[in-house]
Each structure stands twice: as C-alpha cells, then as structure tokens.
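First up is the structure itself, then whatever we jot down about it.
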Amino acid sequence: MMSQQLILGLKQLKNVIKVNKKVADSYDVMNDAMSFGVHRIWKDLFIQELSPSHGCKLLDTAGGTGDITFRYLNYLNNLENKKKIKSYVTVSDINQNMLDVGQSRAKKLGFTPEIGYNIDWLQSDAESLSCPDESYTAYTIAFGIRNVTHIDKVLSEAYRVLQPGGRFLLYDQYSFQMIPVMGKLIAGQWEPYQYLVESIRKFPKQDELKGMIEDAGFRQVTYKNLTFGVVAIHSGFKI
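11 is the number of the first residue of the sequence shown in the working numbering; add one for each residue after it.
In structure tokens form, the structure reads like this:
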C-alpha cells in the first residue's frame, strides 16, 4: 500500500503536469499579465546575478519555454570579450509541452544550431535528472522548485550535476494574489492557476529555503528579495 506522503506526491506531480499542459501556449502572456511585465526585469536581474562567461555549461532546470535560456544566450552575445569558446545549455523540464513551446520559440528567435547555438532540450524530472555527475558549471531553476514533491531531492540533484566551483541560482515567487483571476481572463483557465497560488502558499520562506540549500552542501548561500519580496533570488556555490 502506498504511503500518504507518496499519494500526495503523485497528486502534486499530476497537478504540475496538468497545469503545464493547459497553460503552455499562454505561459508567457500570463507572466506579463500577472506581473504587469515586471517579470522581464526580474529575469534580466537573475541572469545578471549569474554573470555567465563564454565556456559556461548551463543546466536550466524547469526551463519550459526557454525564457531563462534565451536571456542567458543574449547575455553571452552582448559580452565585449567574444572569444570563440563554445557555451552549452541544456533546458530540462518534466513536461514535453513546455519544451515544445521552447523549441519553437528558439527557432523564431534565431537560436539554431546552424548559426552556432546548441541547445539540448531534455524531458527530465528535477528530482532525478538524467545528467552525469559534475557535468555543468551553472544550474538555474526559475519558478519551478515550488512545484516539486521533494525540494531536498532537487537540491541534491543540483549539487550532484554541478562541477566544483559551480553556481546554483534559484528564482521564485512568494506572492501573487491575482494569479487565478488573470488566469481565467487571459488563458480561460481558473483551476490550474489556483494550484499555483497554493504552491506559493506552501513554499518555504526565504530563510527556511536558505537553510535547505545549505543542507544540500552548498556554501556562500545568500538570497536577494526583489520588489519587496514578491520574488527572491537564491544563490549558492559547490565548493
């Protein structure tokens, strides 16, 4: 017989997949509406905090539609010192619908292999990544960790796949009261966005999450609140 915890975990996973399938096509429009466009600034600040350089190997977990990955690539393109060192990025997401949207966007934006952009799109569970040990120099997860069943497993996997000296960066929401209303108005969906509200409500507060990141083995762990704590950026290093 399955434990109550496992049953709840499977239910949460089902909810996450259900949400992503229903909102994939309108995901970016919803982000604009729910944050009044400010999410674009938050994500730019997130990449600036990462401060990647050429030769970086990034794993963008729960990367969905590629929003973080495209900002990462644009950041590298704008660096003054454009050495011919290849940079790699893997976009990982549990939901293929989101990855399909991301791949389509990549083509429209010109991020194609023909002109030197090698993006791997990987359907994988953040709690059990199908990636080798110590294979990335940077790991990002934006708006994804609050949807998982076991945060500690995600953090452990992040630590495992990072090389020594690698950077862990997390970005997530802590408050969005308008999510279900805007979801109904724009995407025609109420229940999936109500689930997002519940996931935020149950998400560990900043100090608690900081402790969990440290427990996973990361050092120099910090967090930075944006817009009075509506979102926060958590950072750590694998020393």
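Here a beta-carbon is modelled for each residue, glycine too, at the ideal position from N, C-alpha and C.
Just so we're clear, the structure is a prediction, and the values are computed from it rather than from any experiment.
Residue of the options minimising C-alpha distance to residue i
| i | options | result |
| --- | --- | --- |
| N105 | Q58, P123, G76, L89 | G76 |
| L219 | V240, D182, K248 | D182 |
| S245 | A136, F213, Y169 | Y169 |
| D54 | T71, I78, L68 | I78 |
| I57 | D225, R115, A152, S97 | A152 |
| S138 | V240, V164, T232, F80 | V164 |
| G154 | L60, E224, L180 | L180 |
| G65 | W52, Y85, R50 | Y85 |
Beta-ladder partner(s) of residue i, from DSSP
| i | result |
| --- | --- |
| K220 | The partner list for K220 (beta bridge, DSSP) is empty, contrary to what the question assumes. |
| A226 | Looking at the DSSP assignment, A226 forms no beta bridge with any residue, so it has no partner. |
| F247 | R177, R229 |
| K234 | I243 |
Neighbour-count burial assignment, residue i, 16 or more Cβ in a 10 Å radius
| i | result |
| --- | --- |
| N235 | exposed |
| L195 | Bear in mind that a pLDDT of 47 at L195, under 50, signals an unreliable position, so the number given afterwards is only what the model happens to contain. Looking at its Cβ environment, which holds fewer than 16 other Cβ atoms inside 10 Å, L195 is exposed. |
| V33 | Caution applies to V33, whose pLDDT of 47 falls short of 50 and renders its modelled position unreliable; the value that the coordinates give is listed next. Buried. |
| K117 | exposed |
| G73 | buried |
| E124 | exposed |
| I129 | buried |
| I243 | buried |
| F178 | buried |
| S97 | buried |
| F80 | buried |
Residue i at chain D interface by Cβ criterion, 7 Å
| i | result |
| --- | --- |
| N128 | No chain D appears in this structure, which consists of one protein chain only. |
Nearest-angstrom Cβ-Cβ length linking residue i and residue j, presumed shorter than 8 Å
| i | j | result |
| --- | --- | --- |
| Y146 | Q173 | 7 Å |
| S102 | L132 | 5 Å |
| D70 | V99 | 6 Å |
| F213 | F228 | Not really, about 18 Å apart at Cβ, beyond 8 Å. |
Mind pulling the beta strand (DSSP E) runs of 3 or more residues that sit fully within the region 130 to 179? Scanning the region 130 to 179 from its first residue to its last, the whole beta strand (DSSP E) runs of 3-plus residues come out as 146 to 152.
Which runs of the beta strand (DSSP E) fall wholly inside the region 49 to 123 and span at least 3 residues, in chain order? As far as the region 49 to 123 is concerned, its whole beta strand (DSSP E) runs of at least 3 residues are 67 to 71, 98 to 103.
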